[in-house]
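In what follows, a single structure is set out as structure tokens and then discussed.
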Amino acid sequence: MASLGELERAVMDLLWAGQEAATANKLRDLLAQDSAATDGIAGHQGKDLAVTTVLTVLSRLEKKGLVERERGTRPHRYQAVSSRADHTADLMHEALGSAPDREAVLARFIGSVSESEAATLRKLLGKN
Amino acid sequence: MFWTSYFLAVLALVLAWPVPVLLSRAEWPARAPFMAMVLWQAIALAGGLSMIGAMLVYGLEPIGDNLIAGLRSLAGMVLHNEPTTALGFWHLFALSAAALLSAHLVFTLLLTYVKIERQRRRHRELLALLASPSADGPGTVVINHDSPVAYCLPGGARSVTVLSDGLMAALEPAELRAVLIHENAHLSQRHDLLLWAFAAWRQALPWFPTTRLAQVAVNSLIEMLADDAALRTESKGTLIKAIAIVASGSPRPAEQFALPRTSDPDASPESSSLSGTGGADSPRTTASRVSRLLSPKPPLPAAQRALVLAASAMLLAVPTGLLIVPGLLG
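Residue numbers (our numbering), protein chains in the order written: chain A, 7 to 134; chain B, 275 to 604.
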């Protein structure tokens with residue numbers, strides 16, 4: 007049985023890859039297919055995977071602000087709040103942003119560099 | 275007991291302004307970054323201690339011959355409703371200020387910790403979904419991004435070093451090793467604790483020159499320490515090249531704000547409130563790192579290192595001794 011963390015990742019991958027919102031049932035079927043294809047052990051994960059588990063994973067993702075559901079229909083359909091690329095950009099903004107608290111949150115190999123400094127470094131690089 | 279409070283007040287003033295200004299202009303910290311780090315910590319601790327101590331000693335002067343006796347009388351007044359007539363307005367004012375300042379420092383330290391942890395947790399959650407494990411060992415992940423980016427997210431056993439595709443493509447294996455050793459040095463030397471403490475120190479007393487100078491100095495010193503760790507196994511040329519490649523490929527500050535930020539609901543109010551603490555001057559940090567590598571100066575001689583260590587010990591011992599020893603003797 008895959009851990010919740012792995013399942014969250016698998017569900018997000020499906021939601022990011024899919025064009026439209028999907029129900030928990032649909033996601034469960036897709037996850038079962040995936041694990042049958044990758045594991046080789048036919049449906050090892052899929053057999054164990056209950057729809058309630060998928061719903062748990064979805065509600066965790068919803069709490070983290072990554073997934074939203076369409077409440078108009080029943081059963082609810084879920085979709086990613088924003089694209090994978092947007093989330094990556096977000097992450098990089100956090101990692102590269104020059105806000106001072108970044109310095110305390112994470113340690114970068116290189117902080118933000120001024121234009122003149124970057125030019126000097128590029129020159130240095132050309133010589134090496 | 276009266277002269278003690280004046281002496282502590284003078285010490286607090288000296289540590290709040292002239293000493294940090296002189297230290298931040300000094301050249302030797304680049305030659306002994308570890309010693310400089312110890313000294314900055316001693317300055318911060320001694321500064322806080324003498325600030326609070328001076329007010330406490332002044333306020334307790336009428337009701338006790340020393341700090342311990344004074345605190346005992348004060349406890350009697352607070353807990354057993356003994357008469358407070360011995361204390362004048364300024365004494366009560368000083369005591370309240372000491373209590374408020376202590377509470378403020380502790381509270382800011384905790385609040386900063388909570389803020390930092392919340393941002394780290396959020397960042398870790400996103401990494402768990404977006405990054406893939408790297409071949410460079412556990413605790414290292416790769417994120418799909420074209421700019422050369424390397425950073426570490428501290429968090430005890432859950433610490434993680436993040437590299438970008440762009441970085442892996444741009445660097446030679448030896449340069450990549452230098453980057454990884456540099457980042458691992460931040461994690462293994464627990465630089466996150468220093469950054470936390472000095473970020474909180476600055477957040478608590480933003481109008482004191484010492485807190486800003488200390489934070490800038492500490493940010494730059496930990497980079498030097500991590501560079502030194504990388505230099506133990508990789509050559510100087512390799513490290514300089516790695517720094518140059520990463521720096522020349524990083525987005526300029528202006529571009530960073532153009533990046534889309536769509537789904538980070540709690541980021542904007544929080545980062546703006548923390549931005550009030552001002553920049554940590556990382557551009558100068560990179561410049562001083564590179565110039566330190568390009569024109570290295572010999573490490574500080576042992577005698578001078580010992581002197582710095584002795585000065586740090588004195589800074590901590592003097593206010594502590596002045597506050598406690600009279601009580602133990604009397």
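Built from N, CA and C at the ideal position, the CB exists for glycine as well. Being a predicted model, the structure only gives us computed values, none of them experimental.
Quiz item: From the beta carbon of lysine 69(A), is the nearest beta carbon of chain B less than 8 Å away?
Solution: Translated into positions along the first sequence, residue 69(A) becomes position 63. At a cut-off of 8 Å between C-beta atoms, lysine 69(A) does not count as an interface residue with respect to chain B.
Quiz prompt | Contact check, proline 422(B) vs isoleucine 519(B), beta carbons under 8 Å | solution = Walking along the second sequence from the start, residue 422(B) turns up at place 148. Walking along the second sequence from the start, residue 519(B) turns up at place 245. Cβ atoms of proline 422(B) and isoleucine 519(B): closer than 8 Å.
Practice problem: Classify arginine 392(B) as helix, strand or coil using the three-state DSSP reduction. | Solution: Along the second sequence, one-based indexing puts residue 392(B) at 118. Three-state result, arginine 392(B): helix.
Practice problem: Please work out which residues of its chain come closer than 8 Å, Cβ to Cβ, to leucine 404(B), disregarding the five sequence neighbours upstream and downstream, and give them in chain order. | Solution: What you label residue 404(B) is simply residue 130 of the second sequence in a count that begins at 1. Apart from sequence neighbours up to five positions away, the residues of its chain that approach leucine 404(B) with a beta-carbon distance below 8 Å are Ile417, Asn418, ordered along the chain.
Practice problem: Kindly give me the distance between the Cβ atoms of arginine 254(B) and glycine 429(B), rounded to whole angstroms, as I take these residues to be in contact under 8 Å. | Solution: Outside the displayed span of chain B (275 to 604) sits residue 254(B), for which this structure offers no information.
Quiz item: Can you tell which of Ile517(B), Ala283(B), Trp302(B), Pro294(B) has the C-alpha that lies nearest to the C-alpha of lysine 571(B)?
Solution: Position 297 of the second sequence, counting from 1, holds the residue named residue 571(B). Residue nearest to lysine 571(B) within the set Ile517(B), Ala283(B), Trp302(B), Pro294(B) is Trp302(B) (criterion: CA-CA distance).
Quiz prompt | Validate contact between the region 60-76 of chain A and the region 85-102 of chain A using beta carbons, cut 8 Å, 3 pairs | solution = In short, these stretches touch, since the Cβ pair count reaches three.
Exercise. Would you grab the beta carbon distance between valine 17(A) and leucine 61(A) for me? Rounded to a whole angstrom, and I think it's under 8 Å.
Key: The residue labelled residue 17(A) in the question sits at position 11 within the first sequence. The residue labelled residue 61(A) in the question sits at position 55 within the first sequence. Contact doesn't hold; Cβ gap of about 11 Å is too wide.
Quiz item: Are the C-beta atoms of arginine 15(A) and some chain B residue less than 8 Å apart?
Solution: For the purposes of this step, residue 15(A) is taken as the residue at position 9 of the first sequence. Chain B, which has a Cβ nearer than 8 Å to the Cβ of arginine 15(A), makes this yes.
Self-check item: C-alpha distance - alanine 110(A) paired with histidine 93(A), whole-angstrom precision
Solution: Walking along the first sequence from the start, residue 110(A) turns up at place 104. Walking along the first sequence from the start, residue 93(A) turns up at place 87. Cα-Cα distance, rounded: 22 Å.
Quiz item: Is arginine 535(B) close to chain A, meaning its C-beta is less than 8 Å from at least one C-beta of that chain?
Solution: Along the second sequence, read from residue 1 onward, the residue named residue 535(B) stands at position 261. With a pLDDT of only 40 at arginine 535(B), under 50, the local geometry of the prediction cannot be trusted, and no value is derived from it.
Quiz item: Just to check, is the beta-carbon of serine 408(B) closer than 7 Å to a non-hydrogen atom of the ligand GTP?
Solution: Absence of the ligand GTP is noted for the structure shown, with no ligands found whatsoever.
Quiz item: So which of Phe367(B), Leu313(B), Ala587(B) has the shortest CA-CA distance to tyrosine 332(B)?
Solution: For the purposes of this step, residue 332(B) is taken as residue 58 along the second sequence, with counting starting at 1. Measuring from the Cα of tyrosine 332(B), the nearest candidate turns out to be Phe367(B).
Exercise. Just mark alanine 584(B) as buried or exposed, buried being the case when its beta carbon has 16 or more other beta carbons within 10 Å.
Key: Mapped onto the second sequence, residue 584(B) falls at position 310. Looking at its Cβ environment, which holds fewer than 16 other Cβ atoms inside 10 Å, alanine 584(B) is exposed.
Quiz item: Closest to leucine 13(A) by CA distance: which of Thr29(A), Leu102(A), Ala28(A), Leu33(A) is it?
Solution: In the first sequence, counting from the first residue as 1, residue 13(A) sits at position 7. Of Thr29(A), Leu102(A), Ala28(A), Leu33(A), the residue nearest in Cα terms is Leu33(A).
Quiz item: How long is the line joining the alpha carbons of arginine 114(A) and arginine 476(B), rounded to whole angstroms?
Solution: Within the first sequence, the letter at position 108 stands for residue 114(A). Within the second sequence, the letter at position 202 stands for residue 476(B). Approximately 20 Å between the Cα atoms of the pair.
Quiz item: So which residues on chain A does tryptophan 470(B) lean against when the C-beta distance must stay under 9 Å?
Solution: The residue given as residue 470(B) occupies position 196 in the second sequence. Within chain A, Ala110 have C-beta atoms less than 9 Å from the C-beta of tryptophan 470(B), given in sequence order.
Quiz item: Which one of Ser347(B), Leu385(B), Phe363(B) has the shortest CA to CA distance from glutamate 356(B)?
Solution: Within the second sequence, the letter at position 82 stands for residue 356(B). Selected option, being the one with the closest Cα: Ser347(B).
Practice problem: Measuring only between beta-carbons, confirm whether aspartate 538(B) sits less than 8 Å from chain A. | Solution: The sequence position of residue 538(B) within the second sequence is 264, counting from 1. With a pLDDT of only 41 at aspartate 538(B), under the threshold of 50, the placement of this residue in the model should not be trusted; the figure read from the coordinates follows. With 8 Å as the cut-off, aspartate 538(B) counts as an interface residue toward chain A.
Exercise. Could I get the ranges of all uninterrupted alpha helix (DSSP H) runs contained in the region 430-504 of chain B, with 4 residues as the minimum, in chain order?
Key: Those alpha helix (DSSP H) runs which fall completely within the region 430-504 of chain B and span 4+ residues are 439-444, 447-462, 465-478.
Practice problem: Would you decide whether tryptophan 277(B) is buried or exposed? Buried here means 16 or more other CB atoms lie within 10 Å of its CB. | Solution: Here residue 277(B) corresponds to residue number 3 of the second sequence, with the count starting at 1. Exposed: under 16 other Cβ atoms inside 10 Å.
Practice problem: Within its chain, find whatever has a CB closer than 6 Å to the CB of histidine 456(B); leave out the 5 residues flanking it on each side and keep chain order. | Solution: The count along the second sequence starts at 1 and reaches residue 456(B) at position 182. Hits under 6 Å: Ala500, Ala504.
Practice problem: Would you check if there are 3 or more beta carbon pairs closer than 8 Å linking the region 481-493 of chain B to the region 430-444 of chain B? | Solution: As far as the Cβ criterion goes, the region 481-493 of chain B does not touch the region 430-444 of chain B, which means the pair count is below three.
Self-check item: Minimum length 4: unbroken alpha helix (DSSP H) runs contained in the region 288-326 of chain B
Solution: Within the region 288-326 of chain B, complete alpha helix (DSSP H) segments of at least 4 residues are found at 292-299, given in chain order.
Quiz prompt | Strand pairing of tyrosine 425(B), partner residues [DSSP] | solution = Residue 425(B) sits at position 151 when you count from the first residue of the second sequence. Tyrosine 425(B) is bridged to Arg114(A), Val436(B).
Practice problem: Work out the CA separation of lysine 69(A) and leucine 289(B) for me, nearest whole Å. | Solution: Residue 289(B) sits at position 15 when you count from the first residue of the second sequence. Residue 69(A) sits at position 63 when you count from the first residue of the first sequence. Near 46 Å, if we compare the C-alpha coordinates of lysine 69(A) and leucine 289(B).
Quiz item: Does leucine 20(A) get closer than 8 Å to chain B when you measure Cβ to Cβ?
Solution: Taking the first sequence and counting its residues from 1, one reaches residue 20(A) at position 14. Residue contact with chain B for leucine 20(A): absent (no Cβ-Cβ distance below 8 Å to any residue of chain B).
Quiz item: Curious, which full-length alpha helix (DSSP H) runs of at least 4 residues does the region 345-423 of chain B contain?
Solution: If we require 4 residues or more, the alpha helix (DSSP H) runs fully inside the region 345-423 of chain B come out as 363-404.
Practice problem: Spell out whether any CB of chain B is found under 8 Å from the CB atom of leucine 37(A). | Solution: Reading the first sequence from its first residue, position 31 is the one you call residue 37(A). Output row for leucine 37(A): interface = no.
Quiz prompt | Spatially closest choice to alanine 23(A) from Ser89(A), Thr29(A), Val57(A), by CA coordinates | solution = Taking the first sequence and counting its residues from 1, the one referred to as residue 23(A) is at position 17. Of Ser89(A), Thr29(A), Val57(A), the residue nearest in Cα terms is Ser89(A).
Quiz prompt | Selection of the region 392-407 of chain B by Cβ proximity to chain A, strictly under 9 Å | solution = Answer set for the region 392-407 of chain B: Gln393, Arg394, Arg396, His397, Glu399, Leu400, Leu401, Ala402, Leu403, Leu404, Ala405.
Quiz item: Which one of Arg579(B), Ala372(B), Pro336(B) has the shortest CA to CA distance from glycine 362(B)?
Solution: Reading the second sequence from its first residue, position 88 is the one you call residue 362(B). Looking at the Cα atoms, Pro336(B) is the closest of the given residues.
Self-check item: Contacts around serine 376(B), its chain only, beta-carbon distance under 6 Å, and the 5 residues preceding and following it disregarded
Solution: Indexing the second sequence from 1 puts residue 376(B) at position 102. So the list reads Ile326, once near-sequence residues are dropped.
Quiz item: Nearest CA to the CA of leucine 97(A): which residue from Glu399(B), Leu374(B), Ser370(B)?
Solution: In the first sequence, counting from the first residue as 1, residue 97(A) sits at position 91. Cα-wise, what sits closest to leucine 97(A) is Glu399(B).
Quiz item: Would valine 599(B) count as contacting chain A if we go by Cβ distances under 8 Å?
Solution: Position 325 of the second sequence, counting from 1, holds the residue named residue 599(B). False, the Cβ-Cβ gap to chain A never drops below 8 Å.
Exercise. Count the C-beta pairs between the region 506-522 of chain B and the region 117-127 of chain A that are closer than 8 Å, then say yes if the count reaches three, no if not.
Key: Between the region 506-522 of chain B and the region 117-127 of chain A there are three or more C-beta pairs closer than 8 Å, enough to call the two in contact.
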